[in-house]
Amino acid sequence: MRHSQQERGRNGYPPLVEFCRAVVRLLEERIVCHAAVIKVAGIVKESVVDGPGLRFVIFAQGCPHRCPGCQNPQTWDPAGGTEMTVDELLEQIKANPLLKGVTLSGGEPFLQAGPLALLAGAVRERGMDVVTYTGYTWEKLLELAKTDLEIRRLVEESNYLVDGPYVAAQRDLALPFRGSRNQRIIDVQASLAAGEAVLAGWG
Ligand code: SF4
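In structure tokens, the structure reads:
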């Protein structure tokens, strides 16, 4: 059966075929998303010390920064940790309706930017916020993001970024949510709009 131009959609297929193709694409994306693997050093299902409100915390395995005085050296080896799928983590997050958000800590989350960006996007779709810790500075991340789309995506899927390495000489126990004075809590969306690091109004 032939179809007139009006009966065809944007891509030249009849509308029903285009609809089916769109559904298949969505399902494929969802399958890829949920099957993506994250190497995890550990999780904390309820925390009030890793960002504002009650949070689910994922400690990503692998860190290249090797800050002297790091509290989590067991996270450094990228070959260590346990593999969990995005779906497994999402199920645990969805099980707790009291959560305000999810914190991606480490280790260095940007070593696994692709799958963590998928998880962060799914978390934000559910109305929660995402705080991402990184040993990179905001400026260095933006430089890396110019050639690495997965890093770009994880930056964009984060509401807040706690940036910079832990510097023992600048250790300050009075600082909320971070260990040393060089580390900043950055409002990601405001910073992307302004073209420079904009500090969050909390912490
Ligand atoms: S960035 Fe964080 S996890 Fe990595 S070495 Fe520094 S303090 Fe440790």
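Heads up: the sequence shown begins at 324 in my numbering, then just goes up one per residue. We put the CB at the ideal spot given by N, CA and C, even for glycine. The structure presented is a predicted model; accordingly, all values stated were derived computationally and were not measured.
- For residue 406, the enclosing beta strand (DSSP E) has its first and last residue at 405-408.
- Spanning the alpha carbons of residue 421 and residue 342 requires a straight line of approximately 37 Å.
- The stretch 358-368 makes no contact with the stretch 456-472, as fewer than three CB pairs between them are under 8 Å.
- In the displayed model, residue 398 falls within a helix according to three-state DSSP.
- Partner residues in the beta bridge of residue 362, as assigned by DSSP, are 406.
- Contact between residue 523 and residue 509 is confirmed by a C-beta separation of about 6 Å, below the 8 Å threshold.
- Residue 449 sits exposed, since fewer than 16 C-beta atoms from the chains shown fall within 10 Å of its C-beta.
- Ligand 1 approaches residue 429 closely enough that one of its heavy atoms is under 7 Å from the residue's Cβ.
- DSSP places residue 417 within a helical segment (H, G or I) once states are collapsed to three.
- With a contact defined as Cβ atoms closer than 8 Å, residue 444 and residue 378 miss out at about 17 Å.
- Residue environment: residue 392 is assigned as exposed (fewer than 16 neighbouring CB atoms within 10 Å of its CB, all protein chains considered).
- Beta bridge pairing from DSSP links residue 503 with 494.
- Relative to ligand 1, the beta carbon of residue 499 is positioned no closer than 7 Å to any heavy atom.
- In the displayed model, residue 520 falls within coil according to three-state DSSP, outside both helix and strand.
- By the Cβ neighbour-count rule, residue 458 is buried, with 16 or more other Cβ atoms within 10 Å of its own.
- Contact check for residue 409 and residue 442: beta-carbon distance about 5 Å, within the 8 Å limit, so the pair qualifies.
- Distance check between residue 484 and each of 427, 419, 491 places 427 closest, using alpha-carbon atoms only.
- Relative to the non-hydrogen atoms of ligand 1, the Cβ of residue 398 comes within a distance shorter than 7 Å of at least one.
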